[in-house]
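Going letter by letter, the sequence shown gives residues -29 to -1, 1 to 180 in mature numbering (1 follows the signal peptide of the UniProt record, and there is no 0).
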Amino acid sequence: MARFSIFVATISMLLSFLVSLASVRHINSQQRLLDELVFQDTRGLYEDDPLLERLPRKFEAVAMNIQENHHFSLVDDTAWAETMPGHRGFVRLGPKGRSFGVSAYHQLHCINALRFDYTVARDGLVTDAAALSAKLGHDNHCFQFVRQAILCKADDTLVPINSKRNQSLSSAGFGVTHRCRNWAQVRDFVLQNDAKWVGIPFMGTKESL
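Next up, the structure:
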C-alpha cells in the first residue's frame, strides 16, 4: 500500500511538472505574438505621403446590443487572437505603403494582453523578476491607452439601474443597445488592405518572425 501511495505521488508530481512546462512554453509563444512588431525610426521615408488621421473610408452607424459572450473567455487564446484581422490589425496606406495601427485594434491588443497577463499571474506562472517587470510596464501602458480611448469616445448610452438588491454585478450593462461604428466594415477594410500588400514587407517596421 505504501509503495502504491509513493507511486501515485510520483506520477502526480510528474504531471504537475509537465503542465508547468507546457504553460511556460505557451507563455513564451504568446509573448512572441504580442511582441511581433517592433517599430523603427521612419523619418525621411514618407516625405511624399500624406499623414492620415483616419482610415480613408466612411463607415456606417450600427446598433450593438451588449450581451454576455462566453466565446471570449479568459483562457481562450485562440478566440482572442481571431479578433485581430490581417497582420495584427495594421494597415499600409499611401503610395509607399506607410504603416499605421488602427486604434480599435490597438485597444483590443491591449485588452488581450491584460487578459493574458492576468491569467498567468493568477496561476503563478510568472516568477522571473525581469519578465514580470516587462509585463507590468506594458500593462501600465495598456491601462492608460484604453482609459483614454474610452474617455475619447465618451459613450453616453444610458444603462438602466436595477433597483433589486440581488442584481449581479457580472450582468450590469447587458441588454443595453449602443450606437456604434460598423466594426465589420472596419475589419473588412483592414483585411482588404492587407491582401494588397501580400509578400511585401512592412515599411518602417521590423518583423522578428
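Yeah, the Cβ is synthetic: ideal placement off N, Cα and C, and Gly gets one too.
Closest residue to residue i among the options (Cα-Cα distance)
i: arginine 118; options: Ala92, His77, Ala143 and Val147; result: His77
i: glycine 144; options: Ile171, Leu45, Thr128 and Pro56; result: Thr128
i: alanine 166; options: Val46, Val62, Leu26 and Leu23; result: Val62
i: tryptophan 168; options: Ser142, Leu64, Gln156 and Tyr89; result: Leu64
i: glycine 146; options: Val130, Gln115 and Cys81; result: Val130
i: isoleucine 132; options: Ser142, Ala125 and Lys124; result: Ser142
i: aspartate 126; options: Gly72, Gly108, Gln115 and Thr148; result: Thr148
i: glycine 57; options: Val46, Phe71 and Val33; result: Phe71
i: asparagine 153; options: Leu26, Glu31 and Arg25; result: Glu31
Endpoints, beta strand (DSSP E) assigned at residue i
i: histidine 149; result: 148 to 152
Residue i - DSSP class collapsed to helix/strand/coil
i: valine 33; result: strand
i: arginine 69; result: strand
i: phenylalanine 43; result: coil
i: phenylalanine 145; result: coil
i: asparagine 164; result: helix
i: arginine 63; result: strand
i: valine 169; result: coil
i: aspartate 159; result: helix
i: aspartate 48; result: helix
Residues near residue i in its chain [Cβ-Cβ closer than 7 Å; skip 5 each side]
i: leucine 85; result: Asp110 and Cys113
i: valine 97; result: Val91, Leu103 and Lys106
i: arginine 28; result: Phe160
Own chain partners of residue i with C-beta closer than 6 Å, once the 5 adjacent residues on each side are dropped
i: threonine 54; result: Leu79
i: methionine -17; result: Only weak support is given to the placement of methionine -17: the predicted model assigns it a pLDDT of 45, under 50, and the value that follows is read from those uncertain coordinates. Excluding positions up to five away in sequence, the list is empty.
Straight-line Cα distance separating residue j from residue i
i: cysteine 151; j: asparagine 36; result: 10 Å
i: leucine 23; j: aspartate 94; result: 42 Å
i: leucine 122; j: cysteine 81; result: 16 Å
i: arginine 158; j: aspartate 99; result: 37 Å
Start and end residues, alpha helix (DSSP H) containing residue i
i: valine 117; result: 100 to 124
i: arginine 86; result: 74 to 93
Proximity test, residue i beta-carbon vs the ligand COA heavy atom, cut-off 7 Å
i: phenylalanine 145; result: Among the ligands in the structure shown, none appear at all, so the ligand COA cannot be discussed.
Close Cβ partners of residue i (< 8 Å) along its chain, the five nearest in sequence each way excluded
i: glycine 60; result: Gly72, Val73, Ala75, Tyr76, His77, Leu79, His80 and Val161
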